[in-house]
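To keep things clear, I will list the structure first and then write my remarks on it.
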Amino acid sequence: MKMLKVSRGALFLCDTCYHIIEESGRIDDGRALSDDVIDEICPNCEDNNKPLLDDLLGSEE
Ligand SMILES: [Zn+2]
């Protein structure tokens, strides 16, 4: 489990997801360069980060 900071909080990602995003060059010093990294994460990580993902996707009711 690794932590990745995004604009509105921190995602907790499995090593695989973190590695994929890191390899794509979108992590700088533990922080995501863009919130669109959430497009890359697996269903398991989506579940783990559901409240934050909903927030990032702007589904405010
Ligand atoms: Zn994952």
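Oh and the sequence shown: position 34 is 33 in numbering that gives the first Met the number 0, straight run, nothing missing.
All C-beta atoms in this analysis are idealised placements derived from N, C-alpha and C, irrespective of residue type, glycine included.
Beta-carbon spacing of residue i, residue j below 8 Å
i: L55; j: R25; result: no
i: V36; j: I20; result: yes
Integer Cβ distance of residue i from residue j, believed to fall under 8 Å
i: A31; j: L51; result: Contact flag wrong, Cβ pair sits at about 12 Å.
Contact test: residue i Cβ vs ligand 3 heavy atom, cutoff 7 Å
i: L12; result: Looking at this structure, you won't find ligand 3 anywhere; what it does contain is ligand 1.
Residue i - containing beta strand (DSSP E), residue span
i: L10; result: G8 to L12
i: M2; result: K1 to V5
| Is there contact here, the region 27 to 40 with the region 0 to 17, by at least three beta-carbon pairs under 8 Å? | Touching, yes, given that three or more Cβ pairs across the two stretches are closer than 8 Å.
| query | At which residue ranges does the region 32 to 59 contain complete alpha helix (DSSP H) runs of 4 or more residues, listed in the order of the chain? | reply | 42 to 47 and 49 to 55
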